[in-house]
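One gets this note's numbering by counting positions in the sequence shown from 1 and adding 18 to each.
We put the CB at the ideal spot given by N, CA and C, even for glycine.
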Amino acid sequence: MLSRQVATAGARVGATRGFSVLTAAEEFPGLPSTSPGEKKGSVASVTTLPSGLTVVTENASLTSTVSLTFPNAGSSSEGSSEAGAAIASRYLSFKSGSGLSSALIVRNIEDVGATPFSSAGRRGATVGFTAARENAAFIAPLLATECSFEKWDVKEAQQLAAAEAADATSNAQVSLSDQIYAAAFGAQSAMGRSYYTAGASRAAIVAFYERNYILNGAVLAATGIADHEAFLRMVEEEFPSSAPGAAASEGGAAYMGGEARVAAPSTGYAHVALAFEGPTSAPLMNVMKHCLNNGSAMPFAAPGIIGVYGGSEPSGASSTVDALSNAVGSAPSADIVAQAKAAAKTEALTALDSGSQSLADAMTASVLDSSGFSAKALAESYDAITADEVAKAHAAMLKSKVSLAAVGDITDVPYQATIASRFG
Numbered sequence: 019m020l021s022r023q024v025a026t027a028g029a030r031v032g033a034t035r036g037f038s039v040l041t042a043a044e045e046f047p048g049l050p051s052t053s054p055g056e057k058k059g060s061v062a063s064v065t066t067l068p069s070g071l072t073v074v075t076e077n078a079s080l081t082s083t084v085s086l087t088f089p090n091a092g093s094s095s096e097g098s099s100e101a102g103a104a105i106a107s108r109y110l111s112f113k114s115g116s117g118l119s120s121a122l123i124v125r126n127i128e129d130v131g132a133t134p135f136s137s138a139g140r141r142g143a144t145v146g147f148t149a150a151r152e153n154a155a156f157i158a159p160l161l162a163t164e165c166s167f168e169k170w171d172v173k174e175a176q177q178l179a180a181a182e183a184a185d186a187t188s189n190a191q192v193s194l195s196d197q198i199y200a201a202a203f204g205a206q207s208a209m210g211r212s213y214y215t216a217g218a219s220r221a222a223i224v225a226f227y228e229r230n231y232i233l234n235g236a237v238l239a240a241t242g243i244a245d246h247e248a249f250l251r252m253v254e255e256e257f258p259s260s261a262p263g264a265a266a267s268e269g270g271a272a273y274m275g276g277e278a279r280v281a282a283p284s285t286g287y288a289h290v291a292l293a294f295e296g297p298t299s300a301p302l303m304n305v306m307k308h309c310l311n312n313g314s315a316m317p318f319a320a321p322g323i324i325g326v327y328g329g330s331e332p333s334g335a336s337s338t339v340d341a342l343s344n345a346v347g348s349a350p351s352a353d354i355v356a357q358a359k360a361a362a363k364t365e366a367l368t369a370l371d372s373g374s375q376s377l378a379d380a381m382t383a384s385v386l387d388s389s390g391f392s393a394k395a396l397a398e399s400y401d402a403i404t405a406d407e408v409a410k411a412h413a414a415m416l417k418s419k420v421s422l423a424a425v426g427d428i429t430d431v432p433y434q435a436t437i438a439s440r441f442g
């Protein structure tokens with residue numbers, strides 16, 4: 019009975035309405051394909067313009083991040099009278115310039131739904147945004163705005179820099195980082211001085227900015243750009259076209275190896291870091307960092323230095339130093355090197371898939387390190403590292419003088435001379 023009712027109902031519906039023989043795509047125009055083609059890999063292109071600006075783009079990201087990095091706009095490039103100029107200059111990003119007010123610059127960015135960002139540190143500064151692909155080229159010229167240093171903009175930058183510096187001084191991890199640089203390069207050197215310094219004068223900020231925020235030597239990285247050549251034409255037409263000035267030189271400092279301690283007994287905790295001079299190759303440095311990774315020590319690496327850090331209750335500070343010393347003093351075995359290579363390579367390649375801003379950062383770092391970028395070349399740079407290279411790099415690391423940084427309740431932290439004797 020039920021089957022006959024269903025059949026009758028089906029016949030009645032078919033007789034009154036009729037069924038279309040159109041395909042889904044014909045009946046519903048614009049419907050996404052149910053059988054998409056094979057996903058194409060990202061293609062990167064790199065070009066250095068007559069201005070000295072290097073432009074690197076890739077074409078596969080679903081959103082676009084465009085970042086302009088000034089590699090010599092970090093605090094290591096501050097002159098003796100410019101302390102604090104780097105952190106203040108960061109807050110001049112998207113401020114009045116090139117005939118545009120701060121409000122108009124921000125409104126243009128917000129009108130296309132873009133998210134701006136800026137950062138700076140000891141080495142370099144970056145300004146950029148993340149937006150829909152179709153809007154990237156439209157607002158990219160705003161990154162190269164020539165700052166007019168309006169009084170209110172500079173005043174606000176000084177205030178924001180002071181607030182950030184104040185927050186940093188209350189953070190034990192930031193203080194430890196500052197102290198390890200001071201120990202490694204000397205507290206009064208360009209690299210040893212803290213980035214988190216307030217009080218730069220207007221004259222110092224202007225001089226620092228005009229010397230270091232220039233296109234010659236800078237890197238413009240853009241993700242999600244379908245046509246590299248069209249993007250280049252936009253840059254040549256819209257970015258400042260004046261003759262390139264001399265590329266700014268980064269304030270350097272030779273690795274020294276020393277000690278820096280900040281006593282703060284009220285914290286009830288001891289933070290300790292040991293560092294050595296590291297290799298110049300970024301992939302080798304990353305593999306070395308992973309070789310130092312064990313349960314009792316946390317590894318870190320930055321251009322020029324590599325090491326480990328840890329912390330404990332004040333009474334356990336001496337044992338913490340022992341654990342850190344053992345972590346860096348033991349030569350890595352072939353198995354450890356193999357594991358470290360795999361971890362470092364995975365970390366580097368994962369960064370390429372962690373969002374368009376992470377990809378733009380990786381592209382910029384690769385260009386600054388090797389003047390080019392490709393995911394294949396990045397992977398091959400890790401594959402090419404041998405256990406023998408790591409062993410030699412580790413031996414060279416230990417031959418450099420150990421640097422010690424200690425922050426907190428550090429009464430029981432041994433002094434650098436005592437620790438140095440453990441490494442010969």
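Helix or strand or just coil, what does DSSP make of residue 316? Three-state DSSP puts residue 316 in a strand.
Segment limits, beta strand (DSSP E) that includes residue 174: Counting along the chain, residue 174 falls outside any beta strand (DSSP E), though it belongs to the alpha helix (DSSP H) covering 169-187.
Do you know how far the Cα of residue 84 is from the Cα of residue 158? Cα to Cα, the separation comes out at about 7 Å.
With DSSP collapsed to three states, give me the class of residue 237. Three-state DSSP puts residue 237 in a strand.
Outcome for residue 235 when other beta-carbon atoms lying within 10 angstroms are tallied against a minimum of 16: When all chains shown are included, residue 235 counts as buried.
Which one or two residues does DSSP pair with residue 130 in a beta bridge? Per the DSSP secondary-structure output, residue 130 pairs with nothing in a beta bridge.
Length of the line joining the Cα atoms of residue 185 and residue 332: Roughly 24 Å between the two C-alpha positions.
With a cut-off of 8 Å, do at least 3 Cβ pairs link the stretch 133-153 to the stretch 84-95? Counting C-beta pairs with one atom in each stretch, the stretch 133-153 and the stretch 84-95 have three or more that are closer than 8 Å, which means they touch.
Is residue 237 closer than 8 Å to residue 74 when the C-beta atoms are compared? In this structure, residue 237 lies closer than 8 Å to residue 74 by Cβ.
Using the DSSP secondary-structure output, state which residues sit across from residue 324 in a beta bridge. Residue pairing by DSSP places residue 324 opposite 294 and 319 in a beta bridge.
From this set, 340, 318, 128 and 441, which residue's C-alpha is nearest residue 417's C-alpha? For residue 417, the nearest C-alpha among the options comes from 441.
Would you call the stretch 422-436 and the stretch 277-284 in contact, with 3 or more CB pairs under 8 Å? Cβ pair count under 8 Å is three or more, so yes.
Looking at residue 86 and residue 444, is the spacing between their C-beta atoms short of 8 Å? Not covered by the structure: residue 444. The range shown for the chain is 19 to 442.
Can you name the start and end residues of the alpha helix (DSSP H) that residue 347 belongs to? Residue 347: member of the alpha helix (DSSP H) spanning 335-347, first to last residue.
Own chain, CB closer than 6 Å to residue 429, minus 5 neighbours either side, in chain order: Nothing meets the Cβ criterion.
Could you give the distance in angstroms between the alpha-carbon of residue 289 and the alpha-carbon of residue 82? Between the C-alpha atoms of residue 289 and residue 82 there is a straight-line separation of about 40 Å.
Do three or more CB pairs link the stretch 302-319 to the stretch 341-360 at distances below 8 Å? Counting Cβ pairs under 8 Å, three or more are found: they touch.
Distance between beta carbons of residue 100 and residue 190, contact taken as under 8 Å: About 27 Å separates the two Cβ atoms, so there is no contact after all.
Is the stretch 319-333 in contact with the stretch 359-366, if contact means three or more CB pairs nearer than 8 Å? Counting Cβ pairs under 8 Å, fewer than three are found: no touch.
By the 10 Å Cβ neighbour count, where 16 or more other Cβ atoms means buried, how is residue 244 classified, buried or exposed? Around the CB of residue 244, fewer than 16 other CB atoms lie within 10 Å, so the residue is classed as exposed.
Kindly give me the distance between the Cβ atoms of residue 411 and residue 293, rounded to whole angstroms, as I take these residues to be in contact under 8 Å. With a Cβ gap of about 15 Å, residue 411 and residue 293 do not count as contacting.
DSSP beta-bridge partners of residue 135: In the DSSP output, where bridge partners are listed per residue, residue 135 has 146.
Three-state secondary structure (DSSP) of residue 429: Coil at residue 429, not helix or strand.
Can you tell me where the beta strand (DSSP E) with residue 88 in it begins and where it stops? That run of the beta strand (DSSP E) goes 81-88.
Same chain only: Cβ atoms within 6 Å of residue 160, ignoring 5 sequence neighbours per side: So the list reads 123, once near-sequence residues are dropped.
As a quick exercise: from 296, 341, 365 and 388, pick the residue whose alpha carbon is nearest that of residue 14. Not covered by the structure: residue 14. The range shown for the chain is 19 to 442.
Counted within 10 angstroms of its Cβ, other Cβ atoms place residue 206 as buried (16 or more) or exposed: Exposed.
Within 10 angstroms of its Cβ, does residue 102 collect 16 or more other Cβ (buried), or is it exposed? With at least 16 other beta carbons inside 10 angstroms of its own, residue 102 counts as buried.
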